[in-house]
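The structure appears right after this line, and notes come after that.
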Amino acid sequence: MTSTAPETQRGQDAGDPLGEQPTSWQRRLRRFGHVPRPETSLRDRLDPPWTRPGRQVWSVLAIPPHVADRLVRWSAWGGPLLVTLVAGLLRFWRLDQPNAVIFDETYYAKDAWALVNQGYEGSWPKDVDKLILKDPSSVPIPTDPGYVVHPPVGKWIIGFGEQLFGFTPFGWRFMVAVLGTISVLLLCRIGRRLFRSTFLGCLAGLLLAVDGLHFVMSRTALLDLIVMFFVLAAFGCLVVDRDRSRRRLADALPVDEEGVLRPDARIAETLRLGWRPWRLGAGVMLGLAFATKWNGLYVLAAFGLMTVLWDVGARRTAGAARPYMAVLRRDLVPAFFSTVPVAIVTYIVSWTGWIVTDKGYYRNWAATEGKGSSWSWLPDWLRSLWHYETQVYDFHVGLTSGHTYESNPWSWLVLGRPVSYFYEEQAGCKESSTGKCATEVLAIGTPLLWWLACFALAYVVWRWLFRRDWRAGAIACGVAAGWVPWFFYQERTIFLFYAVVFVPFLCLAVTMLLGAIVGPAAGTGARADLGLTSKDPTGERRRTLSAIAAGVLVLLIIWNFIYFWPLYTGTSIPEDLWRDRMWLDTWV
């Protein structure tokens, strides 16, 4: 069991998004929990080491040291892959059930099928869903263009699954399930790098694997899970880029006669960090998120600011006297061009199917209604696309019609109003006192996980503000980027399942809280001030009890996921048992 950071990293990492060296105001706020950064080497602050399991674990299991070392190396990938295997088995089990077009699949499944077959979305007739389920080969793809209000990348992805497995529920859900499964692997590896702990990385991935909202969205052909995947991939790219750029800074700094790395203002302010392909990859991922749903734009802005602040923190730690000016001169322009223009180009390229055809909705607007515009020197396809986008924006901000399952973002974290994707009642159910059985697919997070996440977010914000922990700032940034923008559109019709975009960051927050509950191994410098040394049985006892408490919380979350399994998978259960799972009146 490990804590949220290696001992050499705890409480340090000056200036990362949001993690800087203690200042006078921070010292005045020690009463709120701020503690000065312990003495650590400069190299460890720029390039923190990885934690390793204590020898006590291997001794108890009677595993020789050389075998233990091999297992530790294997676990870096073996652990995440094992968690991912479990997540994949859960998500692909009876993926074709319910055999129905559920919730907004009625839009995206059909649009995806038209897109991959003719390059643009068609205008489907009403009540065609039953015919598709009965015999999809008998349903022609409409050639009349359809008015769609989301960019095409998510539908291209859904359509790829349909090309592989047909125009069926399994076909249109397949690729979403693939991305949902891979996202668990991504979070394991991101959490491992973030916390420098394989165990905590796997724990974060496990929490994501058993979150109900992520699970349901991984088994439904909607766009929000796809946005989440690209956002998480972009975050992972930026974390890798951060590690590599800080390591490059550390390698460039001078070493004194004792072999100790020393800060150097000139190097810290003038060193060019060179080619940063991971940041470029983040730009592509954010462009794909934006090209799936527009809320990816807010994440682009938030992550762009975050990565620049990471550069400021790295240069300050390396000794820069004016780190903001150094970043302005050396890093800001490359950071901008490797994210924003790359994302915009990715977005435009995603419309290729619409651009190369002359039948897409509004495709010929520039040559007809828009003819004679002062912008006529631009290509017709670009002006038509811009007009289309403005019409779509007006639609989104004006979408205020009521819906049974709409919810305010204030209620999301406590799961105030979930979304029922599918519901059926069956009469003649002998096991129920009402004589009925219920079959439902309910888009709701695992309640105990989300309610614990409320406390975890409070801890993360506290740790960022008063411990200056860059990881807490990064997690808070991920949650805020996916959640806060919806507060600007509270009059709009919005739903809880939009929150799936920041679910991975909730899992990271809970993981950080659980790691803090367990605490570091006894005898480390981080706990020396509390008297928790390796010879202190009280410290060992406290850590053992804390580990048990954290383990119980994880087991309760897993149990809670199993308990709600019938509502996540559309499994028929007696109506009495269904009502037992309606813990809040607003869930019905």
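According to the numbering used here, the sequence shown is numbered sequentially starting from 1253.
Glycine included, C-beta positions come from ideal geometry on N, C-alpha and C.
Rounded separation between Q1742 and F1674 - CA only: 25 angstroms
Close-in-space but distant-in-sequence residues of the same chain around L1805 (CB under 7 angstroms, 5 per side omitted): L1704 and L1766
Proximity test, S1653 beta-carbon vs the ligand PLP heavy atom, cut-off 7 angstroms: In terms of ligand content, the structure shown is empty, and the ligand PLP therefore cannot be addressed.
Buried/exposed call for A1534, threshold 16 Cβ in 10 Å: buried
Straight-line Cα distance separating A1504 from F1481: 35 angstroms
Burial state of G1330, where buried means 16 or more other Cβ atoms lie within 10 Å: exposed
C-alpha distance - K1386 paired with P1421, whole-angstrom precision: 11 angstroms
Identity of the residue in G1464, M1427 and T1303 nearest A1751 by Cα: Nearest option by C-alpha distance: G1464.
Closest Cα partner of R1297 within the set A1801, L1538, R1499 and F1718: R1499
Those runs of the alpha helix (DSSP H) which lie wholly inside the region 1580-1623 and span at least 4 residues: 1584-1589, 1592-1601 and 1604-1608
Beta-bridge pairing of L1694 - partner residues as DSSP gives them: S1672
Rounded straight-line distance, which links the Cα of L1836 to that of S1390: Their backbone Cα atoms lie some 44 angstroms apart in a straight line.
Member of P1404, W1830, W1811 and V1840 whose CA lies at the smallest distance from the CA of A1461: W1811
Best match in E1509, W1527 and L1367 for proximity to G1406 [C-alpha to C-alpha]: Selected option, being the one with the closest Cα: L1367.
N-terminal and C-terminal residue of the alpha helix (DSSP H) that S1497 is part of: D1476 to A1504
Reduced DSSP category for Q1415 - H, G, I as helix; E, B as strand; rest coil: helix
Stretch-stretch touch, CB-based, cutoff 8 angstroms, three pairs: the region 1581-1589 with the region 1752-1761: no
Identified DSSP bridge partners for E1677: A1690
Outcome for Y1359 when other beta-carbon atoms lying within 10 angstroms are tallied against a minimum of 16: buried
Presumed contact (8 angstroms Cβ cut-off) between A1502 and D1721, rounded CB distance: Actually they do not touch by this definition, with Cβ atoms about 20 angstroms apart.
Selected residue, minimal CA-CA separation from Y1815, among S1628, A1799, L1437 and M1834: It is M1834.
Proximal residues to L1538 (C-beta, below 6 angstroms), its chain only, five neighbours per side dropped: A1486, L1552 and A1595
Where A1778 falls, given that 16 or more other Cβ within 10 Å makes a residue buried: For A1778, the predicted model reports a pLDDT of 40, less than 50, meaning its position is unreliable; a value from the coordinates is still stated below. Here A1778 is buried. Its C-beta has 16 or more other C-beta atoms within 10 Å.
Sufficient close CB pairs (3 or more, under 8 angstroms) joining the region 1450-1461 to the region 1335-1350: yes
contact_flag[the region 1680-1691, the region 1820-1832] where n(CB pairs < 8 angstroms) is 3 or more: yes
Closest by C-alpha distance to I1727, when choosing among Y1711, F1740 and F1718: Y1711
Assigned exposure category for K1378 - 16 Cβ within 10 Å defines buried: Label assigned to K1378: exposed.
Burial state of A1679, where buried means 16 or more other Cβ atoms lie within 10 Å: When all chains shown are included, A1679 counts as exposed.
Where L1552 sits in the DSSP three-state scheme: helix
Assigned exposure category for L1475 - 16 Cβ within 10 Å defines buried: buried
Within 8 angstroms, strictly: CB atoms of L1525 and V1491: no
For A1520 and G1783, the rounded distance between their alpha carbons: With a pLDDT of only 33 at G1783, under the threshold of 50, the placement of this residue in the model should not be trusted, and no figure is reported.
Reduced DSSP secondary structure (H/G/I, E/B, other) of P1300: coil
Cα-Cα separation between A1802 and I1769, rounded to whole angstroms: 7 angstroms
Endpoints, alpha helix (DSSP H) assigned at P1699: P1699 to R1719
Beta-carbon spacing of G1432, S1470 below 8 angstroms: yes
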